[in-house]
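K.L.:
Structure provided below as structure tokens; questions to follow.
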Amino acid sequence: MTLQTSDVSPADAAVRRPWHPLSLLLVLALWLTTLGNLPLWRALWAVTDHHSLRTWLGLVAMVLIVLSATTVLLSLLVWPGWRKPAGVLLLLMVAANSYFMQTYGVVIDPTMMANTLQTDVREVRDLLSWSMLAVLALGVGLPGWWWWRQPVQKLPVRRLLGRQLGLAVLALLLMLVVVWASFQEFSSTMRNHKSLRYMVNPINTVYAGARLLAGQTAQAQLPLQRIGEDAAMMRSAGAALPTPLIVLVVGETVRAANFGLAGYARDTTPQLRQLQDRGELAYFTDVSSCGTNTQVSVPCMFSHLGREAYTKNNTPHENLLDILQRAGMQVLWLDNQSGCKGVCDRVASASTLELKDPTFCPGGECFDGIMLRVLPERLAQLEKANGAGKVSTGTVVVLHQMGNHGPAYYKRTPADMKVYEPECRSNMLQDCPVEHIVNTYDNAVHYTDHLLGETVRWLKTQPRPTAMLYVSDHGESLGEKGLYLHGMPYMMAPKEQTHVPMALWLSKPMQLQLGWDATCWKKQVANAVSHDHLFHSVLTLAQVKTRWQQPELDVFAACSVRSP
Ligand SMILES: [Zn+2]
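Counted from 1, the sequence shown has number 226 at position 227 by numbering that gives the first Met the number 0; the numbering is strictly sequential.
What follows is the structure in structure tokens.
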């Protein structure tokens, strides 16, 4: 584009005067700080209750802190070679973050970041909407177009380096001075409203990305730690007992609050209730999840570490499935979601992603029922692959559900399985009345109940001891406190996101084989347990012994009558 042509008006020429690189950087910093952080300012406004002069001064101080922090970040990140694309990328990051924070009340922390990076096409498609497009057009299209077109002065390299780093130092000093001056106000706000710190755009994303990268780099350099190398079956080898089949159902986004068996006003789990009434099923009333998203919860559920150690841990470890396999069991992971998050790396696994079943996968995405449809065939394949001559000591199958994955809950239930109407048939949850959202969510819970009922019916046809353990990976917010979906940092997560349902069904032959007291296992249901207990309790259920098992974390320790 040439500027010397005669038809350029004086006004145009004025606009086209090249920017000093630092001035342009400051314009971007101002945009990101103000419009790019609208959700932060709104949240901050909402938590400051008396709007006095002090409040205003506090807000001004916060704006100055965010502005100077953003300026430091931009001064360090944005350099001539990639100035334009970097600016557009930052605008995109900030607009997308703001959209999700405002729409669903989520915040951006390292685990949310990991979740985002591991998402698949289905999940992204579920989130797309016209209002998202509008936000991106206004927050990226317009400013991005402006940013891209601005001419910038070319400064000698050393001068630019000196000036830009100088700006970073000045901004840092300004930030420190303002923090110091407003320390009391600033620290109490940050302490009382921890989620605010994950709302500062785009610093939250850069911080989360850097933490994640550092963690992954550290993890990639460490060798896999073997655990449970002493694992063996409790039943003596060669004993002519029939080998057990255990199905672990890993639920998705089901919260206990909407689970019929948990005392919810609606009976969303009639089939499980029937099993419970017949004394075949135990429902655990007080179960906490390890994380508030799949990325953390699923690997943590299978880890021996427990929540606290797991979230601090950087070393890759083997998990429960590796131990079961080492003890001689056949292990199969069937996935109807976005993968097993590393849990099934060393065992047999199959995904439903490519299946074209007209009944279960009508729109290209499969309902969870598909897993039961393919299970017998997959099990036969597994047995064949393991060699017909080799006697296995049992089989463990994991069914990883799509469950109640949001926000498009309506996509989780087949049309003929919907019991609560009308549904919210949009991914823009706040556009729907709360009752419609709850109807849609409850339909998906009801469908999970159906799946679990079907699983038990199928297990009852198997000529061997069988068991089914169901547990959800984390809960969900359905508009309580203005929050939707899940993924809140654990320390500030509401109970809706961490209180999950868990149920155990045992066949009569299984009860006999375990040798448990007939009522003991059903008496454990009121104990406060968590995902921390799964590793240790499933070992008992599978009759595998290892010194890695901690009896105090075994839900069924009181019922086992085994001799040491
Ligand atoms: Zn999940």
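Quick reminder that beta carbons are idealized off the backbone N, C-alpha and C, glycines included.
#1: At the level of alpha carbons, what is the spacing between L2 and R148?
#2: In whole angstroms, what separates the C-alpha of L374 from that of D334?
#3: In chain order, what residues of the same chain lie with their CB nearer than 8 Å to the CB of L331, ignoring the 5 residues before and after it?
#4: Rounded to a whole number of angstroms, what is the C-alpha to C-alpha distance between M232 and G259?
#5: Give the single residue among G341, Y409 and Q329 whose Cα lies nearest to the Cα of K383.
#6: Using the Cα positions of N312 and M416, report the straight-line distance between them to the nearest angstrom.
#7: Pop quiz: D531 and R306 are said to be a contact at Cβ under 8 Å. What is the actual Cβ separation, rounded to whole angstroms?
#8: Beta-carbon within less than 8 Å of L211's beta-carbon, same chain only, minus the 5 sequence neighbours each way: which residues are those?
#9: Let me confirm a value: S22 is counted as buried when at least 16 other C-beta atoms fall within 10 Å, else exposed. Which label applies?
#10: Which whole-angstrom value describes the C-beta separation of A167 and L66, a residue pair presumed to lie in contact below a C-beta threshold of 8 Å?
#11: List the DSSP bridge partners of Q329.
#12: Let me check understanding here. Comparing Cα to Cα, which of R424, P357 and I245 lies closest to M509?
#13: Quick one: residues in its chain with C-beta nearer than 7 Å to the C-beta of G481, no 5 flanking neighbours on either side, listed in chain order?
#14: In three-state terms, what does DSSP make of K340?
#15: Which residue wins for smallest C-alpha separation from Q324, given the options N385, K340 and V286?
#16: When you measure from the CB of D367 to every non-hydrogen atom of ligand 1, does any distance come out below 7 Å?
#17: Please name the residue or residues paired with Q380 in a DSSP beta bridge.
#18: Which runs of the alpha helix (DSSP H) at least 4 residues long sit entirely within the region 455–529? Give them in chain order.
#19: Run the CB neighbour count on C519, radius 10 Å, all protein chains shown included, and call it buried at 16 or more, exposed below.
#20: Leaving out five residues on either side along the sequence, give the residues of the same chain with a beta carbon under 7 Å from the beta carbon of V455.
#21: Please report the residue range of the alpha helix (DSSP H) in which G57 lies.
#22: Got a sec, what are the start and stop residues for the alpha helix (DSSP H) G262 sits in?
#23: Would you mind giving the Cβ-Cβ distance between E422 and H435, rounded to the nearest angstrom? I have them listed as a contact below 8 Å.
#24: If H473 and T291 are in contact, beta carbons under 8 Å, what's the gap, nearest whole angstrom?
#25: Give a yes or no on whether the C-beta atoms belonging to F366 and P413 are separated by under 8 Å.
#26: How would you label G161, buried or exposed, when you count the other beta carbons within 10 angstroms and need 16 or more for buried?
#27: Check Q564 in the structure and name its three-state DSSP category.
#28: Quick check: the Cα distance between S288 and F534, rounded to an integer number of angstroms?
#29: Report the partner residues of W40 according to the DSSP bridge assignment.
#30: Where does A136 land, buried or exposed, given buried means 16+ other C-beta within 10 angstroms?
#31: Just grab the DSSP bridge partners of M232 for me.
#32: Is it the case that the CB of S296 approaches a heavy atom of ligand 1 more closely than 7 Å?
#33: Going by DSSP, what residues sit across from A308 in a beta bridge?
#34: How about N292: is its Cβ closer than 7 Å to a heavy atom in ligand 1?
#35: Does the region 149–160 come into contact with the region 40–60, if we say contact requires no fewer than three beta-carbon pairs (one atom in each stretch) closer than 8 Å?
#36: What whole-angstrom Cβ distance do I64 and M174 have, given they're in contact under 8 Å?
P.N.:
Inspection of the coordinates gives the following:
#1: Caution is warranted here: a pLDDT of 39 is assigned to L2, below 50, making its placement in the model unreliable, and the coordinate value is therefore given only provisionally. Those two C-alpha atoms are separated by around 12 Å.
#2: 11 Å
#3: Excluding the 5 residues flanking it on each side, L331 has same chain C-beta neighbours closer than 8 Å at V346, A347, S348, A349, R377, L378, L381, T394, V395, V396 and V397, in chain order.
#4: Cα to Cα, the separation comes out at about 36 Å.
#5: Measuring from the Cα of K383, the nearest candidate turns out to be Q329.
#6: 42 Å
#7: 6 Å between Cβ atoms; contact.
#8: P109, M112, A113 and L116
#9: exposed
#10: Contact flag wrong, Cβ pair sits at about 13 Å.
#11: T394
#12: I245
#13: G104
#14: coil
#15: N385
#16: no
#17: According to DSSP, Q380 bridges with nothing at all.
#18: 494–497 and 507–513
#19: exposed
#20: The answer, listed in chain order, is L274, M467 and W504.
#21: L52 to L76
#22: Looking at the DSSP string, G262 is not in any alpha helix (DSSP H), and its letter there is neither H nor E.
#23: 6 Å
#24: 5 Å
#25: Yes, they are a contact pair.
#26: exposed
#27: In the structure as shown, the chain begins at 0 and stops at 563. Residue 564 is therefore absent and cannot be evaluated.
#28: Straight-line Cα distance between these residues: approximately 13 Å.
#29: The partner list for W40 (beta bridge, DSSP) is empty, contrary to what the question assumes.
#30: exposed
#31: V543
#32: yes
#33: Its beta-bridge partners do not exist; DSSP assigns none.
#34: Yes, the beta carbon of N292 sits closer than 7 Å to at least one heavy atom of ligand 1.
#35: no
#36: 6 Å
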